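Just so you know, the sequence shown maps onto residues 2 to 340 in this note's numbering.
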Amino acid sequence: MSSSDLQLKVAVLGATGLVGRTMIQVLEERNFPVGELVPIASARSAGLVVPFRGKDFIVREPSAEAFRGVDIALFSAGATASRQWASVAAAEGAIVVDNSSAFRMEPDIPLVVPEVNPEKIFTQDGTPEKIIANPNCSTIQMVVVLKPLHDRYGVKRVVVSTYQSVTGKGKAGRDALESELAGEPQAEFTHFHQIAFNAVPQIDAFTDNGYTKEEMKMVNETKKIMDDDSISVSPTTVRIPVYGGHGESLNIELEQEFDIDEVQSLLAGSPGIVMQDDPSARMYPMPLTSHERDEVFVGRVRRDYWHPQTLNMWIVADNLRKGAATNAVQIAEVIAAKR
Ligand SMILES: NC(=O)c1ccc[n+]([C@@H]2O[C@H](COP(=O)([O-])OP(=O)(O)OC[C@H]3O[C@@H](n4cnc5c(N)ncnc54)[C@H](OP(=O)(O)O)[C@@H]3O)[C@@H](O)[C@H]2O)c1
2 MSSSDLQLKV
12 AVLGATGLVG
22 RTMIQVLEER
32 NFPVGELVPI
42 ASARSAGLVV
52 PFRGKDFIVR
62 EPSAEAFRGV
72 DIALFSAGAT
82 ASRQWASVAA
92 AEGAIVVDNS
102 SAFRMEPDIP
112 LVVPEVNPEK
122 IFTQDGTPEK
132 IIANPNCSTI
142 QMVVVLKPLH
152 DRYGVKRVVV
162 STYQSVTGKG
172 KAGRDALESE
182 LAGEPQAEFT
192 HFHQIAFNAV
202 PQIDAFTDNG
212 YTKEEMKMVN
222 ETKKIMDDDS
232 ISVSPTTVRI
242 PVYGGHGESL
252 NIELEQEFDI
262 DEVQSLLAGS
272 PGIVMQDDPS
282 ARMYPMPLTS
292 HERDEVFVGR
302 VRRDYWHPQT
312 LNMWIVADNL
322 RKGAATNAVQ
332 IAEVIAAKR
């Protein structure tokens, strides 16, 4: 890295997007050692001002020159921009943490959730990988919960249904809901159908096997992050008209019998998890209360009485935070700590 002290030059590609803006906010909140911020977005946004720690930074277009001298580049501008600029930024010496789907399933590129597999951030000689992929938002919050269960009991199969925020589709996804709620005519629906007052059981395109791309990300990314091809994930992903985060109903079949109190304590003591599980007080995770929070919230933990060795639970996380920006900044923190 080029910085002579602990201050790092940090670029954010996609700095004007929902995730990019959240990355900048999270860098500031977590007091990440940013010596210089380089906000980058499309030509549409070049010249705009991004505030960070009381100073204004001018948004630039991507170029090799923009990445020159950058220590860590956080990418959140979509897969096309990542494919175009990740190797350029890496050639300029930056370590790229990429939020898009571009590299997640590349065998040589690690897919990292710091609570699960932080060791993958580094090569065998202890230097950071040049490009590190951030998983899909719905996968991240699920594996944070699966990891301690897998280590203790072995996870055999997960049936998951998601209830995903419109912000998962970026500015366009959020604006579509607001426009529909305002009664404006829609030339075409951003979420395939009207999303206001609705639930749409399609996120991204369908693949040949009848599952959507979003669902197949949960299947494949989970195996890669948990480093276990035997875990079977059966997902249905659904878009709903909320802002604060994604909800997931999980039905988890374990290899071993469990004690439900032990499961509760195991989850409560695991990194990145906050239990909100008191049905008598009507306490359980919700998008409204998970908004702007970095943890994965877990509740409704209960035995599946009709299937052996199986648990049910309901989890929620802010998709722009733990599902994207916070996870990327946590990876950057692990890299910065090793310097
Ligand atoms: N939203 C989520 O919950 C979530 C979760 C996990 C991962 N992700 C991933 O994060 C990425 C960004 O998502 P988002 O929700 O922040 O989307 P968004 O709100 O639509 O923002 C997209 C950002 O990318 C910039 N951009 C687009 N094309 C570009 C190009 N060719 N060159 C440079 N910059 C370009 C945009 O700049 P302009 O403003 O100038 O157009 C904007 O800053 C996507 O890959 C997405 O899959 C999103």
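For each residue, glycine too, the CB sits at the ideal point set by N, CA and C.
Please read these numbers as outputs of a predicted model, since none were measured by experiment.
Listed in chain order, the beta strand (DSSP E) runs fully inside the segment 258 to 329 are 274 to 276, 297 to 304 and 311 to 318, counting runs of at least 3 residues. In this structure the segment 113 to 124 does not touch the segment 87 to 94; the number of beta carbon pairs closer than 8 Å is below three. Of all alpha-carbon atoms in 141, 272, 319 and 64, the one lying nearest the alpha-carbon of residue 243 is that of 319.
The alpha carbon of residue 302 has as its nearest neighbour, out of 151, 267 and 82, the alpha carbon of 267. Residue 201 is positioned such that its CB atom lies no closer than 7 Å to that of residue 175.
When secondary structure is reduced to three states using DSSP, residue 99 falls in the strand class. Counting the other CB atoms within 10 Å of its CB gives residue 182 a total below 16, which places it among the exposed residues. For residue 36, the enclosing beta strand (DSSP E) stretches over residues 35 to 41.
The straight-line gap separating the alpha-carbon atoms of residue 234 and residue 270 is approximately 25 Å. Taking a C-beta distance under 7 Å as the contact criterion, residue 338 and residue 100 do not qualify as a contact pair. When secondary structure is reduced to three states using DSSP, residue 27 falls in the helix class. The closest heavy atom of ligand 1 lies 6 Å or more from the beta carbon of residue 245.
Residue 61 carries a strand assignment under DSSP once its states are collapsed to helix, strand and coil. Set against 6 Å, the gap from the CB of residue 248 to the closest heavy atom of ligand 1 is not smaller. Around the beta-carbon of residue 229, fewer than 16 other beta-carbon atoms lie within 10 Å, marking it exposed.
Between residue 216 and residue 191, the C-beta gap is not smaller than 7 Å, which leaves the two residues out of contact. If you check the C-beta of residue 184 against ligand 1, you find no heavy atom less than 6 Å away. Taking each of 221, 28, 60 and 40 in turn and checking the Cα distance to residue 105, the smallest one comes out for 221.
A straight-line Cα-Cα distance of about 12 Å links residue 219 and residue 102. Between residue 135 and residue 12, the C-beta spacing is not below 7 Å. As summarised for the segment 63 to 126, the continuous alpha helix (DSSP H) elements at least 4 residues long and confined to that stretch are 80 to 92, given in chain order.
DSSP lists 233 and 254 as the beta-bridge partner residues of residue 158.
By the C-beta criterion, the segment 306 to 317 is judged to be in contact with the segment 135 to 155, since at least 3 inter-stretch pairs fall below 8 Å.
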